[in-house]
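Working notes for the structure below.
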Amino acid sequence: MTFAKLATDFSYWQKQSARHPLFPDLTWNIPEQKSGRVTVIGGNSQNFSTVIRTAEYLGTAFPLSSVHTILPDVIRPKLPPLSNFEFTPSTDSGSFARSGALRAYFDVADANLIIGDLSKNSATAIAITDLLSHETPNNSSSPTPSTPFKPTVLTRDTVDLIANDGPIWLIRPAIFIVASMLQLQKLFRAVYYPRMILLSQPLLPVIETLHKFTLTYPTTLLTFHQDHIIVAHQGNITTTPITDTEYSPISLWSGQLASKVLGFNLYNPGQPLAATTAAILYQLS
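Each residue of the sequence shown is one higher than the last, beginning at 0 in numbering that gives the first Met the number 0.
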């Protein structure tokens, strides 16, 4: 694989603040009428509150036609029979197994959020990697038909679980990774990337490395370092001071920001850097 050369003038780096948002007009593309089907995948037999809470938040934050919560079927007896809960086959450890049902729910959605709490087992890693590596293009009923692949956001322990399979799914477009620096380190090691990001590095060398990485892979990255939220796509970078947002270094990973990233990219197709950056400052009215 040929690795891109680094630019030296940093023309690829834009800085955002609360007073000077980079892409303020994208909020107007969120429709007033309900549009878009979203699937939230996550949970295991011991921990499934985050997936339910995130799905509820998505339904509040955006005018979606539907938000389906996909859970392992071992959880079914623990929950009331609500119409937005869907269940697919479980592994013996109580997480997702590879199945046609899981694939069907993933494929029918216009956008997917794999929120995590998946437990650490190889069968679930295979199931999630299979979803990402064999995704079908959007169908004509999608609200974003111009997007060749539907947006899929990966966050929390999803990134840890499937990092070793990064060479398989990182080449697929429309993947959005909301992850910590430690999680990105795992991903970089899995693909034998020649430049590593370190927690001890200043902001500038991290930005240089993310610039180069996203010239090599078509993914969109959102991470946090040195008090800045960083977004990277196709070699372009935006940074936002966390003090200009409603987040803390802990709440960044709760699922709310990942939900906003999903919603903005659903309603602003073909603008991954702009939509992901705009999502950072978006607050519910």
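Heads up, the beta-carbon is just placed ideally off N, CA and C, and yes, glycines get one too.
L160 and L112 do not touch by the CB rule: their CB atoms are close to 15 Å apart, not below 8 Å.
Here R36 is buried, its C-beta having at least 16 other C-beta atoms within 10 Å.
A straight-line Cα-Cα distance of about 16 Å links E55 and S34. Taking every protein chain shown into account, the CB of R155 has 16 or more other CB atoms within 10 angstroms, so this residue is buried. Apart from sequence neighbours up to five positions away, the residues of its chain that approach Q13 with a beta-carbon distance below 6 Å are L21, T237, ordered along the chain. Leaving aside the five residues that flank L202 on each side, the residues in its chain whose CB is nearer than 7 Å to its CB run, in chain order, H224, Q225, H227. In the three-state scheme derived from DSSP, where H, G and I count as helix and E and B as strand, E55 is classed as helix.
Beta-carbon to beta-carbon, V260 and V177 are separated by about 6 Å, close enough to satisfy the 8 Å threshold. Going by C-alpha positions, I114 is about 8 Å away from G42. With a minimum length of 3 residues, the unbroken runs of beta strand (DSSP E) contained wholly in the segment 15–95 fall at 36–41, 65–71, 84–87. In the structure shown, T276 falls within a helical segment according to DSSP collapsed to helix, strand and coil. Here N235 carries a strand assignment [DSSP, helix/strand/coil]. Distance from D164 to A124 at the Cβ level is roughly 7 Å; contact confirmed, criterion being Cβ atoms closer than 8 Å. Annotation for V260: the continuous alpha helix (DSSP H) segment containing it runs 255–266.
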